[in-house]
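Residue numbering for the sequence shown follows my numbering, beginning at 1 and increasing consecutively.
Cβ atoms here follow ideal geometry from the backbone N, Cα and C, with glycine treated the same way.
Remarks on the structure that follows.
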Amino acid sequence: MNKLHLILHTVKHLQPIQILYQLWYRLRRMWRKATGFKYPLSIEKQGIPARLQPWFEKPVSFSDGSFTLLNLSKKYVAGNINWNEPDHGKLWAYNLNYMDYLLQPGMDKQTGLQLIENFIQYLPQNPTALEPYPIALRGINWIKFLSSNVIAREAKQPAEIQHINSSLYSQYLILFDNIEYHLLANHLLEDGFSLLFGGFYFLDQKLYNKGKEIVEKELKEQILDDGAHFELSPMYHQIILDRLLDCINLVKNNQRFNNQQQLLELMKEKTQKMLSWLNNMTFSTGEIPLLNDSAPCIAPTTQQLNKYALSLKLQPATCNLQLGASGYRKFSTPSYECIIDIGQIGPSYQPGHAHADTFNLILNVKNEPVIVDTGISTYDSGETRLKERETAAHNTVTVQDKNSSEVWSSFRVARRAKVNVLKNDKNNIIAQHDGYKKLGTVHQREWHFTDNAIEIIDTLIGKEQEGKSHIWISSQQKPIKGDNYIEIQDAVFKFENVLNIKLIPTKIPVGYNQFSKNFKIEISFKNKLHTYINIFNL
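The structure is reproduced here in structure tokens:
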């Protein structure tokens, strides 16, 4: 019954198109299995390399037969690559099939071509590779690699390149036939970006038209008024922005279709907004807050994205929007930077990368992390994934150890907290959420900011009036516990109206499949808790 409840409260938020395509793709898959249908994996088509300005290279992940992805390595001997590698989980296999390493520093033409040929050789036995999302990401990587190495410009292309182009074109037709309308959100936008690349590379009107249609529609839908990508993950924001800059690079430097200028102008407009949001959210250290599904060293940095934009004649400073629609707010003084979350779970129809973190906060003091978000270490189904999405893994309040929003499975959310902002001015925020209404309780949180201090007031209104406040301390800090305070290097936390204070040794993700030891403060209270963070002014 509980599983049925979760499913019903998840499905009710879906868009009709998601339900329609979930049903269509499943029925079609059953029919094709029964009839023995298989996609052709080689369709002859000549590619025309794209003129592209330099982009930022991908991190090094391949060397001497060894792949290091998501901080886990696997070495293959004599080119015997298992493209469906099971040892490190599904996400690792996906990353292997994205083939970002084709664009890493020092990737030479011969090695890159050998990797592509090996991939094509084993493609019939590689179902992971033929899923639409890996096709979309890999397609862009192949086109950038082939174009940058100028190995397809000859009027009569070498047989090796014809073979690669025939495989790539067949993959694009598979993508075209499996566009991720059942998922929407970043997956659909990535499909659109890649179809644009495929359209330009193969001079294919059908691919271009579909890519343009998706990109125009989804950019208007997915980029909020303050410039945030609507899945509200700074990491995914950087990834999408990087891809958008790639598309501007492509469309700006290759005149191949009649109506591409309109698309280019829309992409430029959205890029400036996205840069504005990202610059607002990035700490002075250059690091992003690891909100929702975010991890370090996956996406290009904010500095890299700004430089890439400038190389394309895009000026981030021309669009300086205030944080708003994303639900995030940032307060900065010479002593600290603090980001808080007073937004809704989003987007409503695809919250797969969302966490139950309503009223979360992150704090840097004197350019050092103090209060941190746990981020993520895995997407694999199981206890770790659930724990990293739960409310207790964030800097907010739990009641009866429940989650403020019902996160479940790896990428699902059932009932969601609804936020009501009561006050929102320069130095003061007051908001309530109803994520505990099933317990008869409303959580109200107030933040009051001054130059060297932050006051947080948590109030539980209703039947169940006992709660716990969770504060995750950076692994760089060595907290010292007193009677009603916790002291760190440059600040002290003081608490009023507490039942109990615990300083708990724990561990925190510092990337996929990597952890660091740290401390968590857990404060039990009844009705109301006052938390004072005072910065030492030395």
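Checklist entry - Is the region 459 to 473 in contact with the region 510 to 525, if contact means three or more CB pairs nearer than 8 Å? => result yes
Next on the checklist: I'd like to confirm the pairing. Which residues does DSSP put opposite residue 13 in its beta bridges?
Outcome noted: Its beta-bridge partners do not exist; DSSP assigns none.
Checklist entry - Would you call the region 122 to 134 and the region 81 to 89 in contact, with 3 or more CB pairs under 8 Å? => result yes
Checklist entry - Which of the three DSSP states, helix, strand or coil, is assigned to residue 526? => result strand
Checklist entry - Along the chain, which unbroken stretches of the beta strand (DSSP E) at least 3 residues long are found entirely within the region 370 to 438? => result 419 to 424 and 428 to 433
Next on the checklist: With three or more C-beta pairs closer than 8 Å as the rule, is the region 156 to 174 touching the region 1 to 16?
Outcome noted: no
Checklist entry - Roughly how many whole angstroms lie between the Cα atoms of residue 35 and residue 27? => result 12 Å
Checklist entry - Buried or exposed: which applies to residue 450, given that a residue is buried once 16 or more other Cβ atoms fall within 10 Å of its Cβ? => result exposed
Next on the checklist: Please report the straight-line C-alpha distance between residue 453 and residue 532, rounded to a whole angstrom.
Outcome noted: 7 Å
Checklist entry - Among 33, 387 and 437, which has the Cα closest to the Cα of residue 377? => result Selected option, being the one with the closest Cα: 387.
Checklist entry - Which whole runs of the alpha helix (DSSP H) in the region 172 to 221 are 4 residues long or more, in chain order? => result The qualifying runs are 185 to 202.
Next on the checklist: Between which residues of its own chain and residue 114 is the CB-CB distance below 8 Å, once the five residues before and five after are set aside?
Outcome noted: 79
Item to check | Limits of the unbroken beta strand (DSSP E) element including residue 336 | outcome: 336 to 341
Checklist entry - Taking all protein chains shown into account, do 16 or more other C-beta atoms lie within 10 angstroms of the C-beta of residue 231, making it buried, or fewer, making it exposed? => result Result: buried.
Checklist entry - Cα-Cα, which of 482, 499 and 500 is closest to residue 493? => result 482
Checklist entry - For the putative contact between residue 295 and residue 511, defined by C-beta atoms under 8 Å, what is the C-beta separation to the nearest angstrom? => result 5 Å
Item to check | Where the alpha helix (DSSP H) through residue 277 begins and ends | outcome: 260 to 281
Checklist entry - Shortest alpha-carbon distance to residue 182 belongs to which of 216, 421 and 23? => result Residue 182 has its Cα closest to that of 23, out of 216, 421 and 23.
Next on the checklist: Per DSSP, what are the beta-bridge partners of residue 503 in this structure?
Outcome noted: 521
Item to check | Three-state secondary structure (DSSP) of residue 514 | outcome: strand
Next on the checklist: Can you look up residue 492 in the DSSP assignment and give me helix, strand or coil?
Outcome noted: strand
Checklist entry - With distances taken from CA atoms, which of 284, 222, 515 and 409 is nearest residue 338? => result 284
Checklist entry - Is residue 442 helix, strand or coil by DSSP? => result strand
Next on the checklist: Whether or not the region 394 to 407 and the region 351 to 366 are in contact is what I'm after, with contact meaning three or more pairs of Cβ atoms, one per stretch, closer than 8 Å; do they touch?
Outcome noted: yes
Next on the checklist: Let me confirm a value: residue 214 is counted as buried when at least 16 other C-beta atoms fall within 10 Å, else exposed. Which label applies?
Outcome noted: Burial state of residue 214 is buried, judged by a 10 Å Cβ sphere holding 16 or more other Cβ atoms.
Item to check | Alpha-carbon to alpha-carbon, residue 64 and residue 224 | outcome: 43 Å
Checklist entry - Which one of 262, 81 and 202 has the shortest CA to CA distance from residue 140? => result 202
Next on the checklist: Starting from residue 147, trace the alpha helix (DSSP H) in both directions and tell me its first and last residue.
Outcome noted: 132 to 148
Checklist entry - Grouping DSSP H, G and I as helix and E and B as strand, with all else coil, what is residue 330? => result strand
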